[in-house]
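These notes concern the structure reproduced below.
Number of protein chains: 2
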Amino acid sequence: MTSGARYDGMLEDGMAHQLRRASQAVNASWQLRSGDLTPPQFAVVQILDERGSLDQKTLGALAAVDRSTLTPLLDRLLSRGLITKNTDPDNRRRQLIALTPAGRERAALGREQARETSRWIEDLLGPERLATLTLLLKELGDGGREQEAPSR
Amino acid sequence: MTSGARYDGMLEDGMAHQLRRASQAVNASWQLRSGDLTPPQFAVVQILDERGSLDQKTLGALAAVDRSTLTPLLDRLLSRGLITKNTDPDNRRRQLIALTPAGRERAALGREQARETSRWIEDLLGPERLATLTLLLKELGDGGREQEAPSR
DNA sequence: TATTGTTATACTCTATAACTATA
DNA sequence: TATAGTTATAGAGTATAACAATA
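The structure is reproduced here in structure tokens:
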């Protein structure tokens, strides 16, 4: 579990490290409750629940999952009976992904579990700072998409 | 504040997802510059540079890396000539890890690369919000350590 | 008996490149 | 030729459990 002392020195600069540590904590809290859905899996299920049937390209973009990662991820959800996968008759290159009834149930449960994790973080930081953190993370996540290649 | 009032409106997609997306962005920025050191590898190298020789248990705790993850991670750094590994004569169960001269050079380069990533984030968020984000992530990371295990 | 680290095992994420089948 | 998705491949992180060596 990697508990114990923390590093507080020069890694002040290492945002990647801070993000990783924060993720470990949140993921641990999440996993305590969810157990059987990883964060990207949960994202996929939530998005499908919100938006209905989607092709893989759209789904992958929304969930921030690479297409070559998405295929095996969907395979796992498929084998658990949470989603269906059907060729789009209008464009037979596309696979349309949708939640099964069991998938929709799992999504609803997941939302409640996410709320619990949220509450846990709120107990730690307070509601205002949780809102601030969410906002900053979202900006960081969005901003990163527009990153330009390095000049070499 | 009303007792039942919780901040659960904006977080339907889940904090884990936001953290993951932010990590993707920062890791991409980091990888653009660092290329050959993953975030946990970098953490290990930085810690060794700052604190000198450390046994694996201490090192793993500081870097937030599980002991069974640390062994192969160190193997990779070892095969790249960045660290040395020697049995502690005072306690032969312990392996003392230290940076080689090449490892110290890599650490110095890594600090500069981390600073560049930091600047990139600062350009995105501004200095004040970068400081806020760092603080909140640190609290979140620290807070997670105190999470109790589930009763099973 | 307890501690330190290794190994075996398993799962998932991540991404590049080559490939299939459509369009 | 371009697009959607799959597959092959490779590398790394994550963790649990069993184990050896040492204390």
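From first to last, the protein sequence lines are chains H and A.
Residues in the first sequence are numbered from 276 upward in steps of one, following my numbering.
Residues in the second sequence are numbered from 276 upward in steps of one, following my numbering.
Glycine included, C-beta positions come from ideal geometry on N, C-alpha and C.
{"Check": "Simplified DSSP state of Leu345 of chain H, which is helix, strand or coil", "Outcome": "helix"}
{"Check": "Nonlocal neighbours in the same chain, by C-beta distance under 8 angstroms from Pro314 of chain A, ignoring five residues either side", "Outcome": "Asn302, Trp305"}
{"Check": "is_contact[Pro314 of chain A, chain H] using C-beta, thresh 9 angstroms", "Outcome": "yes"}
{"Check": "Below-9 angstroms beta-carbon distance, Gly289 of chain H vs any chain A residue", "Outcome": "yes"}
{"Check": "Closest Cα partner of Leu399 of chain A within the set H:Leu415, H:Asn366, H:Gly327, H:Leu349", "Outcome": "H:Leu415"}
{"Check": "Residue interval of the alpha helix (DSSP H) (run including Leu399 of chain A)", "Outcome": "376-400"}
{"Check": "Delimiting residues of the beta strand (DSSP E) encompassing Thr333 of chain A", "Outcome": "Note, Thr333 of chain A: premise wrong, no beta strand (DSSP E); alpha helix (DSSP H) at 331-338."}
{"Check": "Where Thr407 of chain H sits in the DSSP three-state scheme", "Outcome": "helix"}
{"Check": "C-alpha gap between Arg394 of chain A and Leu412 of chain H, whole angstroms", "Outcome": "16 angstroms"}
{"Check": "First and last residue of the uninterrupted alpha helix (DSSP H) at Asp324 of chain A", "Outcome": "314-326"}
{"Check": "Residue range of the unbroken beta strand (DSSP E) whose run includes Asn366 of chain H", "Outcome": "From DSSP, Asn366 of chain H is part of no beta strand (DSSP E); its letter is neither H nor E."}
{"Check": "Proximity of Leu353 of chain A and Val319 of chain A at Cβ, strictly below 9 angstroms", "Outcome": "no"}
{"Check": "Distance, Glu380 of chain H Cα to Asp324 of chain H Cα", "Outcome": "10 angstroms"}
{"Check": "Backbone CA spacing between Arg390 of chain H and Gly289 of chain A [nearest angstrom]", "Outcome": "8 angstroms"}
{"Check": "Under 9 angstroms (Cβ pairs) to chain A, residues found in the stretch 362-387 of chain H", "Outcome": "Gly385, Arg386"}
{"Check": "C-alpha distance - Pro376 of chain A paired with Gly378 of chain H, whole-angstrom precision", "Outcome": "54 angstroms"}
{"Check": "Residue(s) in a DSSP beta bridge with Lys360 of chain H", "Outcome": "H:Ile372"}
{"Check": "Neighbour list for Arg351 of chain H in chain A, Cβ cutoff strictly below 8 angstroms", "Outcome": "What Arg351 of chain H touches in chain A: nothing, since even the nearest Cβ is about 17 angstroms away."}
{"Check": "Alpha-carbon to alpha-carbon, Ala373 of chain H and Arg367 of chain A", "Outcome": "57 angstroms"}
{"Check": "Alpha-carbon to alpha-carbon, Pro364 of chain H and Thr277 of chain H", "Outcome": "Any answer about Thr277 of chain H is weak, because its pLDDT of 45 lies below 50 and its placement is not dependable; what the coordinates show is given next. Roughly 50 angstroms separates the two Cα atoms."}
{"Check": "Candidates H:Leu384, H:Gln388, H:Glu403, H:Leu408: closest to Leu357 of chain H by CA position", "Outcome": "H:Leu384"}
{"Check": "7 angstroms Cβ shell around Ala382 of chain H - same chain, five flanking residues per side excluded", "Outcome": "Val320, Gln321, Asp324, Leu374"}
{"Check": "Candidates H:Ser328, H:Gly310, H:Gln316, of which the one nearest Leu340 of chain H by Cα", "Outcome": "According to the sequence as given, residue 340 of chain H is Val; it is not Leu. Considering only alpha carbons, the answer is H:Gln316."}
{"Check": "Residue environment, Arg326 of chain H, which counts as buried when at least 16 other CB atoms sit within 10 Å", "Outcome": "exposed"}
{"Check": "Nearest-angstrom beta carbon gap, Gln370 of chain H and Asp330 of chain H [assumed within contact, 8 angstroms]", "Outcome": "6 angstroms"}
{"Check": "Buried versus exposed, by CB contacts within 10 Å (16 or more), Ala406 of chain A", "Outcome": "exposed"}
{"Check": "Reduced DSSP secondary structure (H/G/I, E/B, other) of Gly418 of chain A", "Outcome": "helix"}
{"Check": "Separation of Ser328 of chain A from Gln388 of chain H, as counted between CA atoms", "Outcome": "42 angstroms"}
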